[in-house]
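J.: Numbering (numbering that gives the first Met the number 0), first residue to last: 0 to 338.
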Amino acid sequence: MSFKSFIHAKLVTLVVYILLMLFTTSFFIAMHLSAYSILFFNMIFAIAYISLLFYEFYKKSSYYNRVLNELALLDQKYLLCEVLSEPDFLEGKILYNTLSETNKSMNDVIDYYQRLQSEYEEYIELWIHEIKTPIASAKLIAENHRTPEVRSIDEEIDKIDAFIEQVLFYSRSQLAEKDYIIKALPLSQIVNKVIRKHSKTFITLPITLNLDLPEDCTIYSDSKWIEFILSQILSNAIKYLDKPNKVITFFAVQKKHAVELSIQDNGIGIPETDLLRVFDKGFTGENGRLYGKSTGMGLYLCHKLSLKLGLDLTLTSTPHIGTTVTLSFPKSKMHLLES
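Below is the structure:
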(Lines of atoms letter the chains of each structure in order from A and count residues from 1; the text may use other names and numbers.)
(Lines give C-alpha, C1' and ligand atoms only; values in the text may rest on other atoms or scores of the structure.)
Protein backbone atom coordinates (compact mmCIF):
# COMPACT_ATOMS: atom_id res chain seq x y z
CA MET A 1 0.00 0.00 0.00
CA SER A 2 1.67 3.22 -1.18
CA PHE A 3 1.02 6.71 0.16
CA LYS A 4 -0.02 7.81 -3.33
CA SER A 5 -2.73 5.13 -3.54
CA PHE A 6 -3.85 6.00 0.00
CA ILE A 7 -4.23 9.71 -0.87
CA HIS A 8 -6.04 8.75 -4.07
CA ALA A 9 -8.52 6.75 -1.99
CA LYS A 10 -8.97 9.78 0.30
CA LEU A 11 -9.42 12.23 -2.57
CA VAL A 12 -13.11 12.88 -1.88
CA THR A 13 -12.55 13.67 1.81
CA LEU A 14 -9.60 15.90 0.89
CA VAL A 15 -11.73 17.89 -1.55
CA VAL A 16 -14.53 18.21 1.05
CA TYR A 17 -11.97 19.37 3.66
CA ILE A 18 -10.49 22.00 1.32
CA LEU A 19 -13.96 23.29 0.41
CA LEU A 20 -14.87 23.42 4.12
CA MET A 21 -11.67 25.39 4.89
CA LEU A 22 -12.48 27.85 2.10
CA PHE A 23 -16.00 28.29 3.39
CA THR A 24 -14.76 28.76 6.98
CA THR A 25 -12.14 31.28 5.83
CA SER A 26 -14.80 33.24 3.90
CA PHE A 27 -17.05 33.18 6.97
CA PHE A 28 -14.25 34.49 9.23
CA ILE A 29 -13.45 37.26 6.76
CA ALA A 30 -17.11 38.26 6.78
CA MET A 31 -16.93 38.33 10.60
CA HIS A 32 -13.98 40.78 10.28
CA LEU A 33 -11.51 38.53 12.13
CA SER A 34 -7.85 39.39 11.79
CA ALA A 35 -5.76 37.63 9.14
CA TYR A 36 -3.49 36.26 11.92
CA SER A 37 -6.45 34.60 13.67
CA ILE A 38 -7.76 33.09 10.42
CA LEU A 39 -4.28 31.75 9.52
CA PHE A 40 -3.76 30.32 13.02
CA PHE A 41 -7.16 28.61 12.97
CA ASN A 42 -6.57 27.07 9.52
CA MET A 43 -3.07 25.86 10.50
CA ILE A 44 -4.38 24.13 13.63
CA PHE A 45 -7.06 22.29 11.66
CA ALA A 46 -4.68 21.47 8.77
CA ILE A 47 -2.04 20.03 11.13
CA ALA A 48 -4.69 17.98 12.96
CA TYR A 49 -6.14 16.62 9.70
CA ILE A 50 -2.73 15.79 8.18
CA SER A 51 -1.65 14.07 11.42
CA LEU A 52 -4.79 11.93 11.37
CA LEU A 53 -4.14 11.06 7.71
CA PHE A 54 -0.56 9.96 8.45
CA TYR A 55 -1.68 7.97 11.49
CA GLU A 56 -4.38 6.19 9.46
CA PHE A 57 -1.95 5.55 6.61
CA TYR A 58 0.67 4.07 8.95
CA LYS A 59 -1.80 1.77 10.67
CA LYS A 60 -3.49 0.52 7.51
CA SER A 61 -0.36 0.27 5.38
CA SER A 62 1.42 -1.74 8.09
CA TYR A 63 -1.43 -4.23 8.23
CA TYR A 64 -2.14 -4.52 4.51
CA ASN A 65 1.55 -4.77 3.62
CA ARG A 66 1.85 -7.58 6.17
CA VAL A 67 -1.14 -9.28 4.52
CA LEU A 68 0.50 -9.04 1.09
CA ASN A 69 3.89 -10.23 2.39
CA GLU A 70 2.38 -13.22 4.18
CA LEU A 71 0.37 -14.06 1.05
CA ALA A 72 3.52 -13.97 -1.09
CA LEU A 73 5.39 -16.26 1.33
CA LEU A 74 2.63 -18.86 1.61
CA ASP A 75 2.62 -21.84 -0.73
CA GLN A 76 -0.96 -22.63 0.28
CA LYS A 77 -2.69 -19.28 0.00
CA TYR A 78 -5.84 -20.41 1.76
CA LEU A 79 -3.90 -20.50 5.04
CA LEU A 80 -3.52 -16.71 5.02
CA CYS A 81 -6.09 -16.15 7.75
CA GLU A 82 -4.28 -18.62 10.02
CA VAL A 83 -1.11 -16.50 10.13
CA LEU A 84 -2.80 -13.09 10.50
CA SER A 85 -3.95 -11.38 13.69
CA GLU A 86 -7.20 -9.42 13.83
CA PRO A 87 -6.60 -5.67 13.24
CA ASP A 88 -7.98 -2.87 15.40
CA PHE A 89 -9.65 -0.80 12.65
CA LEU A 90 -13.05 -1.36 11.09
CA GLU A 91 -12.16 -2.12 7.45
CA GLY A 92 -9.42 -4.53 8.54
CA LYS A 93 -11.83 -6.33 10.87
CA ILE A 94 -14.34 -6.70 8.03
CA LEU A 95 -11.60 -8.13 5.79
CA TYR A 96 -10.34 -10.45 8.53
CA ASN A 97 -13.84 -11.76 9.36
CA THR A 98 -14.59 -12.25 5.66
CA LEU A 99 -11.39 -14.24 5.18
CA SER A 100 -12.15 -16.30 8.28
CA GLU A 101 -15.64 -17.18 7.05
CA THR A 102 -14.51 -18.05 3.53
CA ASN A 103 -11.61 -20.11 4.91
CA LYS A 104 -13.96 -22.04 7.21
CA SER A 105 -16.42 -22.62 4.37
CA MET A 106 -13.63 -23.87 2.08
CA ASN A 107 -12.28 -26.19 4.80
CA ASP A 108 -15.76 -27.65 5.28
CA VAL A 109 -16.06 -28.33 1.55
CA ILE A 110 -12.56 -29.86 1.41
CA ASP A 111 -13.34 -32.03 4.42
CA TYR A 112 -16.55 -33.23 2.76
CA TYR A 113 -14.79 -34.22 -0.47
CA GLN A 114 -11.89 -35.80 1.42
CA ARG A 115 -14.39 -38.03 3.23
CA LEU A 116 -15.99 -38.94 -0.11
CA GLN A 117 -12.57 -39.70 -1.58
CA SER A 118 -11.60 -41.79 1.44
CA GLU A 119 -14.85 -43.77 1.26
CA TYR A 120 -14.35 -44.30 -2.48
CA GLU A 121 -10.77 -45.52 -1.97
CA GLU A 122 -11.90 -47.89 0.78
CA TYR A 123 -14.61 -49.26 -1.52
CA ILE A 124 -12.13 -49.73 -4.38
CA GLU A 125 -9.67 -51.60 -2.15
CA LEU A 126 -12.46 -53.77 -0.75
CA TRP A 127 -13.77 -54.48 -4.26
CA ILE A 128 -10.28 -55.41 -5.46
CA HIS A 129 -9.77 -57.84 -2.60
CA GLU A 130 -13.21 -59.37 -3.19
CA ILE A 131 -12.74 -59.71 -6.96
CA LYS A 132 -9.43 -61.52 -6.46
CA THR A 133 -11.29 -64.50 -4.95
CA PRO A 134 -13.26 -65.41 -8.12
CA ILE A 135 -10.16 -64.68 -10.21
CA ALA A 136 -8.12 -67.12 -8.13
CA SER A 137 -10.93 -69.69 -8.44
CA ALA A 138 -11.07 -69.22 -12.21
CA LYS A 139 -7.31 -69.67 -12.49
CA LEU A 140 -7.50 -72.85 -10.40
CA ILE A 141 -10.19 -74.25 -12.69
CA ALA A 142 -8.07 -73.33 -15.72
CA GLU A 143 -5.06 -75.13 -14.22
CA ASN A 144 -7.15 -78.31 -13.91
CA HIS A 145 -8.50 -78.17 -17.48
CA ARG A 146 -5.55 -77.53 -19.80
CA THR A 147 -7.35 -77.37 -23.16
CA PRO A 148 -6.28 -74.76 -25.74
CA GLU A 149 -9.49 -72.80 -25.16
CA VAL A 150 -9.06 -72.79 -21.38
CA ARG A 151 -5.42 -71.72 -21.75
CA SER A 152 -6.61 -68.74 -23.79
CA ILE A 153 -9.15 -67.89 -21.11
CA ASP A 154 -6.41 -68.23 -18.48
CA GLU A 155 -4.28 -65.68 -20.36
CA GLU A 156 -7.19 -63.24 -20.42
CA ILE A 157 -7.72 -63.78 -16.68
CA ASP A 158 -4.04 -62.89 -16.15
CA LYS A 159 -4.64 -59.65 -18.04
CA ILE A 160 -7.69 -58.87 -15.89
CA ASP A 161 -5.62 -59.57 -12.78
CA ALA A 162 -2.90 -57.19 -14.02
CA PHE A 163 -5.44 -54.41 -14.63
CA ILE A 164 -6.93 -54.94 -11.17
CA GLU A 165 -3.46 -54.67 -9.65
CA GLN A 166 -2.95 -51.43 -11.59
CA VAL A 167 -6.19 -50.03 -10.13
CA LEU A 168 -5.07 -50.99 -6.62
CA PHE A 169 -1.69 -49.33 -6.95
CA TYR A 170 -3.25 -46.26 -8.55
CA SER A 171 -5.62 -45.88 -5.59
CA ARG A 172 -2.66 -46.14 -3.22
CA SER A 173 -0.28 -43.97 -5.23
CA GLN A 174 -1.47 -40.73 -3.57
CA LEU A 175 -0.16 -42.02 -0.24
CA ALA A 176 2.82 -44.00 -1.50
CA GLU A 177 5.22 -41.97 0.67
CA LYS A 178 3.33 -43.19 3.78
CA ASP A 179 3.32 -46.85 2.75
CA TYR A 180 6.85 -47.95 1.96
CA ILE A 181 9.74 -49.57 3.78
CA ILE A 182 13.23 -48.95 2.46
CA LYS A 183 15.37 -52.07 2.53
CA ALA A 184 18.50 -53.42 0.89
CA LEU A 185 17.27 -55.46 -2.10
CA PRO A 186 19.38 -57.75 -4.33
CA LEU A 187 18.63 -56.42 -7.81
CA SER A 188 18.74 -59.82 -9.51
CA GLN A 189 16.23 -61.21 -6.99
CA ILE A 190 13.72 -58.41 -7.67
CA VAL A 191 14.09 -58.76 -11.45
CA ASN A 192 13.71 -62.56 -11.35
CA LYS A 193 10.55 -62.24 -9.27
CA VAL A 194 9.01 -59.89 -11.83
CA ILE A 195 10.05 -62.15 -14.72
CA ARG A 196 8.50 -65.23 -13.05
CA LYS A 197 5.23 -63.32 -12.83
CA HIS A 198 5.24 -63.02 -16.64
CA SER A 199 6.79 -66.43 -17.32
CA LYS A 200 3.71 -67.87 -19.08
CA THR A 201 3.74 -64.97 -21.55
CA PHE A 202 7.46 -65.46 -22.24
CA ILE A 203 6.82 -69.12 -23.02
CA THR A 204 3.63 -68.63 -25.06
CA LEU A 205 4.80 -65.89 -27.46
CA PRO A 206 7.79 -66.93 -27.15
CA ILE A 207 10.17 -64.20 -26.01
CA THR A 208 13.94 -64.46 -25.71
CA LEU A 209 15.07 -63.10 -22.36
CA ASN A 210 18.57 -61.73 -21.80
CA LEU A 211 19.83 -60.88 -18.32
CA ASP A 212 22.99 -58.91 -17.65
CA LEU A 213 22.82 -58.15 -13.92
CA PRO A 214 25.80 -58.00 -11.54
CA GLU A 215 25.35 -60.64 -8.85
CA ASP A 216 26.45 -58.34 -6.04
CA CYS A 217 24.32 -55.38 -7.12
CA THR A 218 22.14 -54.06 -4.29
CA ILE A 219 19.52 -51.32 -4.45
CA TYR A 220 17.68 -49.58 -1.63
CA SER A 221 13.97 -49.19 -2.06
CA ASP A 222 10.58 -50.73 -1.27
CA SER A 223 10.18 -54.16 -2.88
CA LYS A 224 6.39 -53.90 -3.35
CA TRP A 225 6.49 -50.61 -5.28
CA ILE A 226 9.62 -51.51 -7.27
CA GLU A 227 8.15 -54.84 -8.35
CA PHE A 228 4.99 -53.08 -9.50
CA ILE A 229 6.98 -50.46 -11.47
CA LEU A 230 9.13 -53.11 -13.17
CA SER A 231 6.09 -55.27 -13.88
CA GLN A 232 4.33 -52.35 -15.58
CA ILE A 233 7.41 -51.55 -17.68
CA LEU A 234 7.76 -55.21 -18.67
CA SER A 235 4.05 -55.47 -19.56
CA ASN A 236 4.44 -52.40 -21.76
CA ALA A 237 7.45 -53.92 -23.50
CA ILE A 238 5.59 -57.19 -24.14
CA LYS A 239 2.54 -55.39 -25.60
CA TYR A 240 4.44 -53.94 -28.52
CA LEU A 241 6.70 -56.83 -29.56
CA ASP A 242 5.66 -57.42 -33.17
CA LYS A 243 8.76 -59.13 -34.63
CA PRO A 244 9.22 -62.91 -35.15
CA ASN A 245 12.34 -62.81 -32.98
CA LYS A 246 11.05 -61.14 -29.81
CA VAL A 247 13.78 -60.08 -27.37
CA ILE A 248 13.68 -58.35 -23.98
CA THR A 249 16.88 -57.53 -22.14
CA PHE A 250 17.44 -56.56 -18.52
CA PHE A 251 20.83 -54.99 -17.81
CA ALA A 252 22.24 -52.94 -14.97
CA VAL A 253 25.14 -50.51 -14.81
CA GLN A 254 26.78 -49.46 -11.54
CA LYS A 255 27.90 -45.86 -11.82
CA LYS A 256 29.63 -43.60 -9.31
CA HIS A 257 26.43 -42.00 -8.02
CA ALA A 258 23.72 -44.43 -9.14
CA VAL A 259 22.71 -47.94 -10.14
CA GLU A 260 20.88 -47.87 -13.46
CA LEU A 261 18.55 -50.74 -14.36
CA SER A 262 17.36 -50.81 -17.97
CA ILE A 263 14.63 -52.84 -19.67
CA GLN A 264 15.19 -52.97 -23.43
CA ASP A 265 12.93 -54.46 -26.10
CA ASN A 266 13.10 -54.80 -29.86
CA GLY A 267 9.46 -53.83 -30.40
CA ILE A 268 7.80 -51.24 -32.60
CA GLY A 269 9.33 -48.28 -30.73
CA ILE A 270 7.71 -44.92 -30.03
CA PRO A 271 7.45 -42.05 -32.53
CA GLU A 272 9.65 -39.06 -31.66
CA THR A 273 6.59 -36.80 -31.45
CA ASP A 274 5.19 -38.92 -28.60
CA LEU A 275 8.35 -39.24 -26.49
CA LEU A 276 7.79 -36.07 -24.47
CA ARG A 277 4.30 -37.18 -23.42
CA VAL A 278 4.72 -40.89 -22.64
CA PHE A 279 4.51 -40.23 -18.88
CA ASP A 280 1.36 -38.10 -19.15
CA LYS A 281 -1.77 -39.49 -17.55
CA GLY A 282 -4.03 -41.17 -20.11
CA PHE A 283 -1.70 -40.52 -23.07
CA THR A 284 -1.82 -43.47 -25.48
CA GLY A 285 -0.03 -41.92 -28.45
CA GLU A 286 0.13 -43.19 -32.00
CA ASN A 287 0.86 -46.78 -30.99
CA GLY A 288 -2.12 -46.89 -28.66
CA ARG A 289 -4.40 -45.84 -31.50
CA LEU A 290 -2.91 -48.30 -33.96
CA TYR A 291 -2.86 -51.34 -31.67
CA GLY A 292 -5.65 -50.48 -29.23
CA LYS A 293 -3.76 -52.04 -26.32
CA SER A 294 -2.87 -48.99 -24.27
CA THR A 295 -4.72 -47.33 -21.39
CA GLY A 296 -2.15 -44.57 -20.94
CA MET A 297 -1.87 -45.39 -17.23
CA GLY A 298 1.08 -47.79 -16.94
CA LEU A 299 3.98 -45.42 -17.61
CA TYR A 300 2.14 -42.58 -15.88
CA LEU A 301 1.94 -44.64 -12.67
CA CYS A 302 5.57 -45.76 -13.01
CA HIS A 303 6.73 -42.16 -13.33
CA LYS A 304 4.55 -40.94 -10.47
CA LEU A 305 5.70 -43.70 -8.10
CA SER A 306 9.33 -43.26 -9.11
CA LEU A 307 9.17 -39.60 -8.11
CA LYS A 308 7.66 -40.50 -4.75
CA LEU A 309 10.42 -43.07 -4.16
CA GLY A 310 13.15 -40.61 -5.16
CA LEU A 311 14.08 -42.51 -8.32
CA ASP A 312 14.76 -41.26 -11.82
CA LEU A 313 12.80 -42.83 -14.70
CA THR A 314 13.80 -42.15 -18.30
CA LEU A 315 12.75 -43.56 -21.66
CA THR A 316 14.46 -43.62 -25.04
CA SER A 317 13.06 -45.15 -28.20
CA THR A 318 13.60 -45.51 -31.93
CA PRO A 319 10.69 -46.46 -34.21
CA HIS A 320 10.94 -50.04 -35.55
CA ILE A 321 14.10 -50.62 -33.47
CA GLY A 322 12.88 -50.73 -29.90
CA THR A 323 12.51 -48.97 -26.56
CA THR A 324 14.70 -48.72 -23.48
CA VAL A 325 13.32 -47.69 -20.09
CA THR A 326 15.89 -46.91 -17.40
CA LEU A 327 15.28 -46.73 -13.66
CA SER A 328 18.04 -45.02 -11.70
CA PHE A 329 18.62 -45.70 -7.99
CA PRO A 330 20.78 -42.92 -6.46
CA LYS A 331 23.74 -44.20 -4.44
CA SER A 332 23.82 -41.07 -2.25
CA LYS A 333 20.60 -42.14 -0.61
CA MET A 334 21.91 -45.68 -0.25
CA HIS A 335 24.97 -44.45 1.64
CA LEU A 336 22.75 -42.29 3.83
CA LEU A 337 20.64 -45.31 4.73
CA GLU A 338 23.70 -47.49 5.37
CA SER A 339 25.08 -44.96 7.84
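Backbone N, C-alpha and C fix where the C-beta goes; we use that ideal spot for every residue, glycine too. On a predicted model such as this, the values are computed, not experimentally measured, just so you know.
So the beta strand (DSSP E) Gly-295 belongs to, where does it begin and stop?
T.: No beta strand (DSSP E) holds Gly-295; DSSP gives it neither H nor E.
J.: Would you kindly work out how many angstroms separate the C-alpha atoms of Phe-227 and Leu-115, rounded to a whole number?
T.: Taking the straight line from one Cα to the other gives about 27 Å.
J.: Who are Ser-316's beta bridge partners in DSSP?
T.: The partner list for Ser-316 (beta bridge, DSSP) reads Thr-322.
J.: Quick one: grab the DSSP three-state call for Tyr-63.
T.: Three-state DSSP puts Tyr-63 in a helix.
J.: Give the DSSP-derived three-state secondary structure of Ser-1 in the structure shown.
T.: Coil at Ser-1, not helix or strand.
J.: For Ser-187, does the three-state DSSP call read helix, strand or coil?
T.: Of the three classes helix, strand and coil, the one that applies to Ser-187 here is helix, per DSSP.
J.: For the region 123-134 against the region 246-258, do three or more pairs of beta-carbon atoms, one drawn from each stretch, fall closer than 8 Å, so that the two count as touching?
T.: Verdict: no, contact absent.
J.: Starting from Phe-379, trace the alpha helix (DSSP H) in both directions and tell me its first and last residue.
T.: As shown, the chain starts at 0 and ends at 338. That puts residue 379 outside it, with no answer to give.
J.: May I ask you to report which of helix, strand or coil DSSP gives Asn-353?
T.: For the chain, the structure presents residues 0 to 338; residue 353 sits outside this window and is missing.
J.: What whole-angstrom Cβ distance do Ala-251 and Thr-217 have, given they're in contact under 8 Å?
T.: Ala-251 to Thr-217, Cβ: 11 Å. No contact.
J.: Since Asn-398 is in the beta strand (DSSP E), which residue starts that stretch and which ends it?
T.: Absent from the structure is residue 398, since the part of the chain shown begins at 0 and ends at 338.
J.: DSSP state of Leu-210, grouped into three classes?
T.: If DSSP states are grouped into helix, strand and coil, Leu-210 belongs with the strands.
J.: By the DSSP assignment, the beta strand (DSSP E) with Tyr-219 in it spans what residues?
T.: Where Tyr-219 is concerned, the enclosing beta strand (DSSP E) stretches over 217-220.
J.: Please report how far the alpha carbon of Met-333 lies from the alpha carbon of Tyr-219, in whole angstroms.
T.: With a pLDDT of 48 at Met-333, under the threshold of 50, the modelled position of that residue is not reliable, and the figure given next carries that caveat. Roughly 6 Å separates the two Cα atoms.
J.: Kindly indicate the opening and closing residues of the alpha helix (DSSP H) around Thr-203.
T.: Per DSSP, Thr-203 belongs to the alpha helix (DSSP H) from 198-203.
J.: Under 8 Å by Cβ, that's how I've got Ile-269 and Thr-322 pegged, so tell me the actual separation to the nearest angstrom.
T.: Contact flag correct, Cβ pair sits at about 6 Å.
J.: So, with DSSP's three-state summary, where would you put Val-258?
T.: Note: Val-258 maps to strand in three-state DSSP.
J.: Taking just the CA atoms, how far does Leu-312 sit from Ser-305?
T.: Cα-Cα distance, rounded: 7 Å.
J.: Can you give me the C-alpha to C-alpha distance between Asp-279 and Ile-237, rounded to a whole angstrom?
T.: So the alpha carbons of these two residues sit roughly 20 Å apart.
J.: Go ahead and pull the three-state DSSP assignment for Phe-88.
T.: Coil at Phe-88, not helix or strand.
J.: On the CB-based measure, 16 or more other CB atoms within 10 Å of its CB, does Lys-242 come out buried or exposed?
T.: Result: exposed.
J.: Find the nearest neighbour of Phe-249 within the set Thr-294, Asn-191, Lys-199 and Ala-141, judged by alpha-carbon distance.
T.: Measuring from the Cα of Phe-249, the nearest candidate turns out to be Asn-191.
J.: From which residue to which residue does the alpha helix (DSSP H) around Asp-153 run?
T.: Per DSSP, Asp-153 belongs to the alpha helix (DSSP H) from 147-171.
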